[in-house]
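J.:
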Amino acid sequence: MSTTAAPPPKKVNRIGLEVLSYKGAKTTLCAGCGHNSISERVIECFYELGVEPWRVGKFSGIGCSSKSPAYFLNLSHGFNGVHGRMPSIATGAIMANRNMLGLGVTGDGDTASIGIGQFMHLVRRNLPMIYIIEDNGVYGLTKGQFSATADLGSKLKTGVINDLPPFDCCALALRWGATFVARSFSGDKKQMQALLKAAIAHNGLSVIDVVSPCVTFNDHDGSTKSYSYMKEHEEMLHELDFVPSYEDISVEIAEGEVRDVQLHDGSHLRIRKLGRDYDPTNRMAAAAALEAATHQHEVLTGVLYINTEQPNFLEMLHLAEEPLATLPQSKVRPPKEALDEIMEELR
Amino acid sequence: MSTLEVSPAEPRFSDPGHTVINDFSLQVATVNGSGSQTANTVLMRSIFQMGVPVSGKNMFPSNIAGLPTWFTIRASKHGYIGRKKEIDFLVAMNPETAREDVLKLDSGAAVVYDEPLKLDGLRSDLHFYPVPFDKLVAPVCPDAKLRKLVRNMIYDGIVAWLLSIDMDEIRKALVKQFGKRKAKAADLNWGAAQAGHDYAAKTFTKADPYQVRRMNENVGKIIIEGNTACALGAMFAGVTVVTWYPITPSSSLVESLIGYLKRFRIDKETGRATFAVVQAEDELASIGMALGAGWAGARAMTATAGPGISLMSEFVGLGYYAEVPAVIFDVQRVGPSTGLPTRTMQGDILSTALLSHGDTQHPLFFPSSPAECFSMSMEAFDFAEQFQTPVFVMTDLDLGMNNWMSDPFTYPEKPIHRGKVLSAEDLDKLGGFARYKDVDGDGVGYRTLPATNHPASAYFTRGSGHNEKAQYTEREDDYIHNMDRLAHKFQTMRKHVPAPVVRYHQDASIGFVAAGTSDYAVSESCDQLLAEYQVPASYFRLRAYPFTRDLIDFIDRHERIYVVDQNRDAQLLSLMRLEMTPEQIAKLRSIRYYGGLPLDARTVTDEVITQEGK
Chain F
1 MSTTAAPPPK
11 KVNRIGLEVL
21 SYKGAKTTLC
31 AGCGHNSISE
41 RVIECFYELG
51 VEPWRVGKFS
61 GIGCSSKSPA
71 YFLNLSHGFN
81 GVHGRMPSIA
91 TGAIMANRNM
101 LGLGVTGDGD
111 TASIGIGQFM
121 HLVRRNLPMI
131 YIIEDNGVYG
141 LTKGQFSATA
151 DLGSKLKTGV
161 INDLPPFDCC
171 ALALRWGATF
181 VARSFSGDKK
191 QMQALLKAAI
201 AHNGLSVIDV
211 VSPCVTFNDH
221 DGSTKSYSYM
231 KEHEEMLHEL
241 DFVPSYEDIS
251 VEIAEGEVRD
261 VQLHDGSHLR
271 IRKLGRDYDP
281 TNRMAAAAAL
291 EAATHQHEVL
301 TGVLYINTEQ
311 PNFLEMLHLA
321 EEPLATLPQS
331 KVRPPKEALD
341 EIMEELR
Chain B
1 MSTLEVSPAE
11 PRFSDPGHTV
21 INDFSLQVAT
31 VNGSGSQTAN
41 TVLMRSIFQM
51 GVPVSGKNMF
61 PSNIAGLPTW
71 FTIRASKHGY
81 IGRKKEIDFL
91 VAMNPETARE
101 DVLKLDSGAA
111 VVYDEPLKLD
121 GLRSDLHFYP
131 VPFDKLVAPV
141 CPDAKLRKLV
151 RNMIYDGIVA
161 WLLSIDMDEI
171 RKALVKQFGK
181 RKAKAADLNW
191 GAAQAGHDYA
201 AKTFTKADPY
211 QVRRMNENVG
221 KIIIEGNTAC
231 ALGAMFAGVT
241 VVTWYPITPS
251 SSLVESLIGY
261 LKRFRIDKET
271 GRATFAVVQA
281 EDELASIGMA
291 LGAGWAGARA
301 MTATAGPGIS
311 LMSEFVGLGY
321 YAEVPAVIFD
331 VQRVGPSTGL
341 PTRTMQGDIL
351 STALLSHGDT
361 QHPLFFPSSP
371 AECFSMSMEA
381 FDFAEQFQTP
391 VFVMTDLDLG
401 MNNWMSDPFT
411 YPEKPIHRGK
421 VLSAEDLDKL
431 GGFARYKDVD
441 GDGVGYRTLP
451 ATNHPASAYF
461 TRGSGHNEKA
471 QYTEREDDYI
481 HNMDRLAHKF
491 QTMRKHVPAP
501 VVRYHQDASI
511 GFVAAGTSDY
521 AVSESCDQLL
531 AEYQVPASYF
541 RLRAYPFTRD
551 LIDFIDRHER
561 IYVVDQNRDA
571 QLLSLMRLEM
581 TPEQIAKLRS
591 IRYYGGLPLD
601 ARTVTDEVIT
611 QEGK
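First to last, the sequence lines map onto chains F and B.
Per my numbering, the very first residue in the first sequence carries number 1; after that it's consecutive.
Per my numbering, the very first residue in the second sequence carries number 1; after that it's consecutive.
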């Protein structure tokens, strides 16, 4: 009997999908762009957690960062909106369908310059979605102008020095109500994965500001958003692990060294202490740490703040359990008696 | 000019030959914030309850308290409810404007005024009725703080006596106005009205000719503002996401909608809302949210006015190219900035029709009555989903914020129409779909809703750079192909927009084309032209853009077409010109009014007569 070796079984995740089902079109961004690494992390995390990709809504504004949703999760609906106004599109869509898992990808120009208003109001509403800022301090698509997150004194390729102070998107998000605020570096695969998975599990707005160097316009000496600057100035708050709800959490942990934060879906964010004792549930301490880091020219990364208690925007609206988008006519058109009653009042 | 020869000594109604029954315009001039709204509404309702066709128009300043405001009540046995240019009966309560108000009146008009203003010396050809309001209000309103509010009700009593309005109707209207909960306030005001009535009966001899007499024209009718009617239309259309930014004159549309949604759209079993309302941070956000919601399958709307429309421009263009349904109520007004935001105008016809950059065209619906606000709002939601595009419902301040008599609204018989949406089951059968492919030849593709539980449901939404499969492209042929399909879709809409209302007069060589609230003035002007000048006119009332084909027929069948615009730049006419041949364009003439008040028939008639050279 002759046998041919059966092809090795395809590797699939919890819901039987291959990683291919989480990929997107080929990237058109520059080789080495930090944004591509972030896209990779999105693919890995959604695959590994077994999120149904068709349940995800991808949202973006305008800019290099905002192009990237085309490069992951092809099986998800995506909406590439207008510059700086992605939050409003996401707000409308997520209100329309509360089963949607919203994933926004934006840049520092899209969020901190043209979109600062919508960003602030999104934060204030605590809309349940993930909001990734691919932060490189510079406009790429228009060839290298400063954005509002560029640090004071940082230098453009052309030699122009930035003489205005930056918006710190994490500090803003922290101050005005985001319930999950994190900063990371596109080069830190492990931290990005843990943060992204925690954001997927979080019940509220997750703002992740990721320093993501622009290799073409902002990766030179004098830039504060370059790979080399980050290598020298990144200060990790802690080490992070994500334990999904379907995995056993009961691993022995040394008391005092590790803090477990339970998330909405029963998963845990495991926070392992590094040099400092940092409490990410203390908003004032988070603000102080950010302020101190600015003065010391450090870039703090990790979970700056997490609040699992605050109701999200949909909960505040007291929305029906079923998505508004697909409510049947019997639920959305009041009966004739209602119109008769109203007409009688107007007579 | 006709003058009324009425002797001041004449006893009340002794000479029927001189009485003018149920055909006058009464204006109350007050200061805003003085509580005159209640008195004016009660007066209007009383006439309404007597079965006489009536309308009420509030001309108010952009201010909370202390500036002049005028409320005009027109009673018309003929059923004309547009603004009447001439004021027949003035109640002058505002010292600041009283002199000018009196000087503007036509000879023979009546003036009720606050005695200390001493207006009777200004003219000798009017009928003056001085009233010592402060003296009258003190005994009926012991609380000095309330007197400012209650003294207005005294003129209701005075006017009721002078015009023969039944005091029982005043009482009924007061109870309606205050409701059962505020019975004390109703009583206080009733006392004031009676004091006014008693004073008038004791003091005055009726000298002016105006009188209200019972008719039976209002059986079953309602009084409603256009904004409320739009709100009701939206609710019965099944709106699920409402986003807005407060702006005069559209705010009351959403506020009224919120009130009704809370009453009628909280699920009785679960206690949860079948709607979401968000007051956005600005109009950019409100349209963005509406489009996000429409994209995700909600019946989404926003309401705004001209300045908001300007801000929405970029997003509406994206809505056009990405083909996302949404309904935008534009309650038009004058503007921008501090530019008469409380005055009416058809100011956004051109800007909304072509809003945004690139080649963009948007359907506009033009309701002209509350009943149409209701029905066309419902149609707009169906239309937006049927054609997957933003739809504008174009009302204006006059329609939106004034009180209108209307037949009661009819409950919608047609089921809600959600357009071409593929479900998971459809996708199972089809295997896949191309979002922007013209499968049916009408220019409208099939869409899926995000979070549809199917691996083949996704597509990527972006601006104009996409092919049939919603993939990114910058290819010339893809772009042209898509643009041509969008143009074809717009052509398809012509057959589905609300049809015009056309009245041909067989002997007419001239015809009117008008839209929205111009209807009242134009209809009345048709009657004036015939009765006063023996000039018959046909009338084509546009109810939507894109225009239907029969507009061309109408133009072809007349020698001259008067296009009526409530704006300086003849916006409706300009929009028509875009679709006309040179021969047709040569027939178009323009009648424009842009003073910020509701258009009146006399202005239209005079302009036609001038242009006709008669």
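Where a beta carbon is used, it is the ideal one built from N, C-alpha and C, also for glycine.
Only a predicted model underlies this, so the values are computations on that prediction, with no experimental measurement involved.
Pick from F:Ala182, F:Phe242, F:Leu346: whose alpha carbon is nearest that of Ala289 of chain F?
T.: Position 289 of the first sequence holds residue 289 of chain F. Checking every option, the nearest Cα to that of Ala289 of chain F belongs to F:Ala182.
J.: Output, in sequence order along the chain, the residues in the region 281-311 of chain B whose CB is closer than 9 Å to any CB in chain F.
T.: Those residues of the region 281-311 of chain B that come within reach of chain F (Cβ to Cβ, closer than 9 Å) are Glu281, Asp282, Leu284, Ala285, Ser286, Ile287, Gly288, Met289, Ala290, Leu291, Gly292, Ala293, Gly294, Trp295, Ala296, Gly297, Ala298, Arg299, Ala300.
J.: Tell me which residue opens and which closes the beta strand (DSSP E) that Val56 of chain F is part of.
T.: Position 56 of the first sequence, counted from the first residue, corresponds to residue 56 of chain F. Where Val56 of chain F is concerned, the enclosing beta strand (DSSP E) stretches over 56-60.
J.: Return the bridge partner residues of Asp114 of chain B from the DSSP annotation.
T.: Here the question's residue 114 of chain B lines up with position 114 in the second sequence. Partner(s): B:Val131.
J.: Give the secondary structure of Phe315 of chain B by DSSP, where H, G and I count as helix, E and B as strand, and everything else as coil.
T.: For this step, residue 315 of chain B is matched to residue 315 along the second sequence. Three-state DSSP puts Phe315 of chain B in a helix.
J.: In three-state DSSP terms, what is Ser14 of chain B?
T.: Taking the first residue of the second sequence as 1, we reach residue 14 of chain B at position 14. Below a pLDDT of 50, predicted positions are generally treated as unreliable, and Ser14 of chain B, at 43, falls in that range; the measurement from the model is reported next regardless. Coil, per DSSP.
J.: My assumption, with CB atoms under 8 Å, is that His197 of chain B sits in contact with Gly157 of chain B. Please give the rounded CB distance.
T.: Taking the first residue of the second sequence as 1, we reach residue 197 of chain B at position 197. Taking the first residue of the second sequence as 1, we reach residue 157 of chain B at position 157. Yes, they are in contact, since the Cβ atoms of His197 of chain B and Gly157 of chain B sit about 4 Å apart, within 8 Å.
J.: Using a Cβ-Cβ cut-off of less than 7 Å, list which residues of the region 122-139 of chain F approach chain B; keep chain order.
T.: So the list is empty, because no residue satisfies the distance condition.
J.: Is the distance from the Cβ of Gly308 of chain B to the Cβ of Ile247 of chain B below 8 Å?
T.: Indexing the second sequence from 1 puts residue 308 of chain B at position 308. Indexing the second sequence from 1 puts residue 247 of chain B at position 247. For Gly308 of chain B and Ile247 of chain B, yes; Cβs fall inside 8 Å.
J.: Give the straight-line distance between the Cα atoms of Ser2 of chain B and Ala186 of chain B, rounded to the nearest whole angstrom.
T.: For the purposes of this step, residue 2 of chain B is taken as residue 2 along the second sequence, with counting starting at 1. For the purposes of this step, residue 186 of chain B is taken as residue 186 along the second sequence, with counting starting at 1. At Ser2 of chain B, the pLDDT of 39 sits below 50, so the modelled position is not reliable and the matter cannot be decided from this model.
J.: Answer with buried or exposed for Asn216 of chain B, where buried requires no fewer than 16 other C-beta atoms within 10 angstroms of its C-beta.
T.: Numbered from its first residue, the second sequence carries residue 216 of chain B at position 216. Classification of Asn216 of chain B: exposed, given that the 10 Å Cβ count is below 16.
J.: Rounded to a whole number of angstroms, what is the C-alpha to C-alpha distance between Val501 of chain B and Glu579 of chain B?
T.: Taking the second sequence and counting its residues from 1, one reaches residue 501 of chain B at position 501. Taking the second sequence and counting its residues from 1, one reaches residue 579 of chain B at position 579. Using only the alpha carbons, I get a separation of about 20 Å.
J.: Indicate whether at least one CB of chain B lies closer than 8 Å to the CB of Ala178 of chain F.
T.: Numbered from its first residue, the first sequence carries residue 178 of chain F at position 178. No, its Cβ sits nowhere closer than 8 Å to a Cβ of chain B.
J.: Could you run through the region 266-282 of chain B and flag, in chain order, every residue whose CB is less than 9 Å away from some CB of chain F?
T.: Cβ contacts with chain F come from Ile266, Asp267, Thr270, Gly271, Arg272, Ala273, Thr274, Phe275, Ala276, Val277, Val278, Ala280, Glu281, Asp282.
J.: Taking a cut of 9 Å between CB atoms, which residues from the region 446-461 of chain B lie near chain F?
T.: The residues in question are Thr448, Leu449, Pro450, Ala451, Thr452, Asn453, His454, Pro455, Ala456, Ser457, Ala458, Tyr459, Phe460, Thr461.
J.: When the Cα atoms are used, what is the spatial distance from Tyr545 of chain B to Gln571 of chain B?
T.: Indexing the second sequence from 1 puts residue 545 of chain B at position 545. Indexing the second sequence from 1 puts residue 571 of chain B at position 571. Approximately 13 Å, taken between the alpha carbons.
J.: Is Ala29 of chain B near Leu90 of chain B, with beta carbons less than 8 Å apart?
T.: Locating residue 29 of chain B in the second sequence gives position 29, counting from the first residue. Locating residue 90 of chain B in the second sequence gives position 90, counting from the first residue. Contact: yes.
J.: State yes or no: is the beta carbon of Glu321 of chain F nearer than 8 Å to at least one beta carbon in chain B?
T.: Numbered from 1 along the first sequence, position 321 holds the residue referred to as residue 321 of chain F. Judged by the 8 Å Cβ criterion, Glu321 of chain F is in contact with chain B.
J.: For Gly238 of chain B, which residues in chain F fall below 7 Å Cβ to Cβ?
T.: As a working mapping, residue 238 of chain B is identified with position 238 in the second sequence. By Cβ distance, chain F contributes Gln329, Val332, Arg333.
J.: Express the C-alpha separation of Arg98 of chain F and Lys336 of chain F in angstroms, rounding to a whole number.
T.: Sequence index remark: in the first sequence, residue 336 of chain F carries index 336 (1-based). Sequence index remark: in the first sequence, residue 98 of chain F carries index 98 (1-based). Rounded to the nearest angstrom, the two C-alpha atoms are 29 Å apart.
J.: Please confirm whether Leu575 of chain B has its beta-carbon closer than 8 Å to some beta-carbon of chain F.
T.: Stepping through the second sequence from its first residue, residue 575 of chain B is reached at position 575. So no, Leu575 of chain B is outside the interface.
J.: Under DSSP, the beta strand (DSSP E) around Glu239 of chain F begins and ends at which residues?
T.: In the first sequence, the residue the question calls residue 239 of chain F occupies position 239. Segment 238-243, the beta strand (DSSP E) holding Glu239 of chain F.
J.: By the DSSP assignment, the alpha helix (DSSP H) with Pro68 of chain B in it spans what residues?
T.: The residue given as residue 68 of chain B occupies position 68 in the second sequence. Looking at the DSSP string, Pro68 of chain B is not in any alpha helix (DSSP H); the run it does join, the beta strand (DSSP E), is 68-76.
J.: Compare the Cα-Cα distances from Ser88 of chain F to each of B:Gln49, B:Thr243, B:Leu486, B:Val175 and report the closest residue.
T.: Here residue 88 of chain F corresponds to residue number 88 of the first sequence, with the count starting at 1. It is B:Thr243 whose Cα lies nearest to the Cα of Ser88 of chain F.
J.: Specify, as a first and last residue, the run of the alpha helix (DSSP H) that Met376 of chain B falls within.
T.: Counting from 1 along the second sequence, the entry for residue 376 of chain B is found at position 376. Residues 370-387.
J.: I need the straight-line Cα distance from Val159 of chain B to Glu314 of chain B, nearest angstrom please.
T.: As a working note, residue 159 of chain B is residue 159 in the second sequence. As a working note, residue 314 of chain B is residue 314 in the second sequence. Approximately 52 Å, taken between the alpha carbons.
J.: Leaving aside the five residues before and after Met405 of chain B along the sequence, list all residues of the same chain whose C-beta is less than 7 Å from its C-beta, in chain order.
T.: To locate residue 405 of chain B, count along the second sequence from 1; it is residue 405. Phe48, Pro53, Val54, Ser55, Ile81, Asn218, Lys221, Ile223.
J.: When you compare the CB positions of Arg265 of chain B and Met235 of chain B, do they come within less than 8 Å of one another, or not?
T.: One-based indexing of the second sequence puts residue 265 of chain B at position 265. One-based indexing of the second sequence puts residue 235 of chain B at position 235. Contact flag set, yes.
J.: I need the DSSP call for His233 of chain F, collapsed to helix, strand or coil.
T.: Counting from one through the first sequence, the residue named residue 233 of chain F turns up at place 233. The answer is helix: DSSP assigns His233 of chain F an H, G or I state.
J.: My parser needs the beta strand (DSSP E) runs of 3 or more residues fully inside the region 251-306 of chain B; what are they?
T.: Runs of the beta strand (DSSP E) inside the region 251-306 of chain B: 276-279, 300-304.
J.: From which residue to which residue does the beta strand (DSSP E) around Asp330 of chain B run?
T.: Residue numbering aside, residue 330 of chain B sits at position 330 when the second sequence is read from its first letter. It spans 326-332 - the beta strand (DSSP E) in which Asp330 of chain B sits, taken as one unbroken run.
J.: Looking only at DSSP bridge pairs, what is Lys273 of chain F linked to?
T.: Indexing the first sequence from 1 puts residue 273 of chain F at position 273. Per DSSP, F:His238.
J.: With a threshold of 8 Å between beta-carbons, can His264 of chain F be considered close to chain B, or not?
T.: As a working note, residue 264 of chain F is residue 264 in the first sequence. No, His264 of chain F lies away from the interface with chain B (no Cβ there is under 8 Å from its Cβ).
J.: Measuring straight from C-alpha to C-alpha, what distance separates Phe46 of chain F and Tyr260 of chain B?
T.: The residue you call residue 46 of chain F lines up with position 46 of the first sequence. The residue you call residue 260 of chain B lines up with position 260 of the second sequence. If I take the Cα positions, the gap works out to 42 Å.
J.: Please classify Glu379 of chain B as buried or exposed, where buried requires at least 16 neighbouring CB atoms within 10 angstroms.
T.: Residue numbering aside, residue 379 of chain B sits at position 379 when the second sequence is read from its first letter. The residue in question, Glu379 of chain B, is buried, as its Cβ has 16 or more Cβ neighbours within 10 Å.
J.: Could you confirm whether any beta carbon from chain B is found closer than 8 Å to the beta carbon of Ala70 of chain F?
T.: Taking the first sequence and counting its residues from 1, the one referred to as residue 70 of chain F is at position 70. For Ala70 of chain F, the answer is yes, since a Cβ of chain B falls inside 8 Å of its Cβ.
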